[in-house]
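Below is one structure, written out as structure tokens; comments come after it.
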Amino acid sequence: MNQPVNPPARQTQAIDTSALNRILENFSAIARCAEVTDDYEVWRFDVGEHRYILLYYPDERSRLEKRLTISPAMRQFGRLQAMQSHKFPAPRVIATLKGFRVGGRKGDAVIINGSDRDSTLEQLLLNADLNGSPLNRIDLQARITRALQDLHSAQLVSNPLSLRSFWKRNEELIPGESYGASTGIVNELRLLELGADAERFTTRTERLRLWKHFLKDAKPPTHNPIAHARANELAHKADRGRDAFQLVEMGEWRGVAVIKPVRPSAWSNASRLKIDSDDWKHFLPIDEAFTTTHKNDDSGSVIETTMTLAGQTIPIVVKRPLFKEGARGLFQSLRVGRARRAWRKTWRLLASNFEVEYPLLLLERHSGLRIVEQLAVYERVPGEAISNLKLDTLSAKHRDQFFWRCGRVLRQIDANGWSHFDAKSSNWIAWREPWHTGTLRPILIDCDSIRFHRAGRAGIDRLIRAVKTHPQFKESDERAILDGYGFIPRSGAGRPNA
6 MNQPVNPPAR QTQAIDTSAL NRILENFSAI ARCAEVTDDY EVWRFDVGEH RYILLYYPDE
66 RSRLEKRLTI SPAMRQFGRL QAMQSHKFPA PRVIATLKGF RVGGRKGDAV IINGSDRDST
126 LEQLLLNADL NGSPLNRIDL QARITRALQD LHSAQLVSNP LSLRSFWKRN EELIPGESYG
186 ASTGIVNELR LLELGADAER FTTRTERLRL WKHFLKDAKP PTHNPIAHAR ANELAHKADR
246 GRDAFQLVEM GEWRGVAVIK PVRPSAWSNA SRLKIDSDDW KHFLPIDEAF TTTHKNDDSG
306 SVIETTMTLA GQTIPIVVKR PLFKEGARGL FQSLRVGRAR RAWRKTWRLL ASNFEVEYPL
366 LLLERHSGLR IVEQLAVYER VPGEAISNLK LDTLSAKHRD QFFWRCGRVL RQIDANGWSH
426 FDAKSSNWIA WREPWHTGTL RPILIDCDSI RFHRAGRAGI DRLIRAVKTH PQFKESDERA
486 ILDGYGFIPR SGAGRPNA
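For the sequence shown, the numbering used here assigns the number 6 to the initial residue and increments by one for each residue that follows.
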């Protein structure tokens, strides 16, 4: 049974404790879960005219950890109290709850004033990215730097440091939730954590500017190890069906399905949906009457159809790789399947902030140790492949911008120490941004050809060879690709310098 509310000694707002206790007794049926992270949950509820937020920390610690460590909820409470004592505009703590139960799960919680939290900085940047909303990036970075500097001076920087560490209240940023112990200052590890979190929404120059502000002459690492670790962790969860993924069974088929938003993308509707696992039960068999076949040969088939997920009709692409004949095919059926390899790589690329097709479902059918059949489902990217794109209908500005973006994607892949061995024009979809007329954004599909090792300029060379076969190819297209990649073409040859 949930314990009655225990208001802190320095309560900053009058609250009807009897009404609050009545809500807490049947909390999961009355309150609304607004956000779920890997470490805590954000619940919203009202008491009379007042709005509150409950930060719930499920207690998964062992008995030894409970003896040696402080509850994340109590760390959060102590940090917010310390901020108030330093006159920071921190959220107002209403109460702390130890041993609080939500839906049968036991944990600890902190209740704060809900009007303090319009949204997190992460939500602000994500909404701007999804909707194409303009942001005053210079002013925003200046405010983040000032807030971090103030926290650094007071030794109240959160650990870990993320975009959720700041809340947007009206037009100001205030220090927000933190589930870790406070180490106090901005150091290299804190900046790497914030950089990994903000890499999707910021440029390298913006991150470097913040780095130099706090660490002066210290040189940032070429690769962010925290970002790489997070990408590997997401790929592992997608492979094992954890957190936002769920293991599914459909007769003889076994696999993994997406059930919660993971990496929302501007072009993808499915990436923003919370999908009921029951939606997948009607996926097989696929009704051939409502499909369009894009490929059907010895290597496999690719068909396009639609299905209903979370009440919405989503266009999907079903890829069914086949095995070779003879000894090679037997070897392929005993190793990790091609569909699963592509599934892992696509999630790793998504976690590394690349624009790729959105995976939805992976299924395999086994006979003993062998894979007999395999398939992967992706949301269909709206747009045309470069090979089918009518380039002459684009303005010179938008045409150069699009190919420059293609070159930049390959530069970023190579900069991570990876290689794209099949960056042909049919593996790029040109998506038209709805908020900028004529502007195209390249989306990668068929990511099985990504290799996580360095192999020279395999990607850029493959793309240029493919683009040159386009009937409307111009020399300026190659120059734009090379410019985005960071090379200057040689006179006449159009090849990058070494």
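Just so it is clear, CB atoms sit at the ideal spot from N, CA and C, and this is done for glycine as well.
Because the structure is a prediction, the values reported are computed rather than measured.
DSSP on residue i, reduced to helix/strand/coil?
i    : result
A503 : For A503, the predicted model reports a pLDDT of 34, less than 50, meaning its position is unreliable; a value from the coordinates is still stated below. Note: A503 maps to coil in three-state DSSP.
G316 : coil
R437 : strand
A294 : helix
A159 : coil
P94  : coil
A463 : helix
P364 : strand
F250 : strand
A381 : strand
G412 : helix
L25  : helix
S270 : coil
V52  : strand
R110 : strand
R340 : coil
E30  : helix
F219 : helix
S424 : strand
T125 : strand
R484 : helix
A36  : coil
G189 : strand
R151 : helix
R349 : helix
D134 : helix
R325 : strand
Please state whether the Cβ-Cβ distance between residue i and residue j is less than 8 Å.
i    : j    : result
L168 : E193 : no
Y57  : N136 : no
S270 : Y363 : yes
Q81  : L60  : yes
P180 : A95  : yes
S392 : S431 : yes
F50  : I28  : yes
K173 : S120 : no
E204 : A236 : no
I321 : T313 : no
L130 : F32  : no
R386 : I450 : Before going further, note that residue 386 is Val rather than Arg in the sequence given. Taking 8 Å as the Cβ cut-off, V386 and I450 qualify as a contacting pair.
T296 : I280 : no
C452 : A332 : no
V47  : A34  : no
E198 : P225 : no
G256 : N229 : no
G521 : Y62  : Outside the shown range of the chain, which is 6 to 503, sits residue 521, and nothing can be said about it.
G567 : I434 : Residue 567 falls outside the range modelled here, since the chain spans only 6 to 503, and no answer is possible.
For residue i, does the count of other Cβ atoms within 10 angstroms reach 16, so buried, or fall short, so exposed?
i    : result
E65  : exposed
N502 : A caution first: N502 carries a pLDDT of 36, below 50, which makes its placement in the model too unreliable to give a value.
E176 : exposed
M6   : With a pLDDT of only 46 at M6, under the threshold of 50, the placement of this residue in the model should not be trusted; the figure read from the coordinates follows. By the neighbour-count rule (16 or more Cβ atoms within 10 Å), M6 is not buried but exposed.
D222 : exposed
Q379 : buried
L85  : buried
V253 : buried
R72  : exposed
G108 : exposed
L415 : buried
R214 : exposed
P326 : buried
Per the DSSP calculation, residue i is bridged to which residue(s)?
i    : result
R375 : S372
M255 : W258
Y490 : Partner(s): none; Y490 has no beta bridge.
A100 : I116
T311 : P320
E177 : R174
R46  : Checking the sequence, you will find Glu at residue 46 rather than Arg. Its beta-bridge partners are V41, Y61.
L449 : V361, W433
I455 : H425
E389 : A435
Quick check on residue i - is its C-beta less than 8 Å from some C-beta in chain C?
i    : result
V323 : Here there is only one protein chain, and chain C is not present.
Inset, instruction - Check whether the region 452-466 touches the region 419-430, counting contact only when three or more Cβ pairs, one atom from each stretch, lie closer than 8 Å. - result: yes
Legend entry - Touching by the beta-carbon criterion (3+ pairs, under 8 Å), the region 125-144 and the region 217-235: Here the region 125-144 makes no contact with the region 217-235; the two share fewer than three CB pairs at distances below 8 Å.
Legend entry - At least three beta-carbon pairs within less than 8 Å, the region 366-375 to the region 252-268: yes
Inset, instruction - Taking 8 Å as the threshold, find out whether the region 484-492 comes into contact with the region 404-413 through three or more Cβ pairs. - result: yes
Inset, instruction - Report yes or no: do the region 334-354 and the region 239-247 share at least 3 C-beta pairs separated by less than 8 Å? - result: yes
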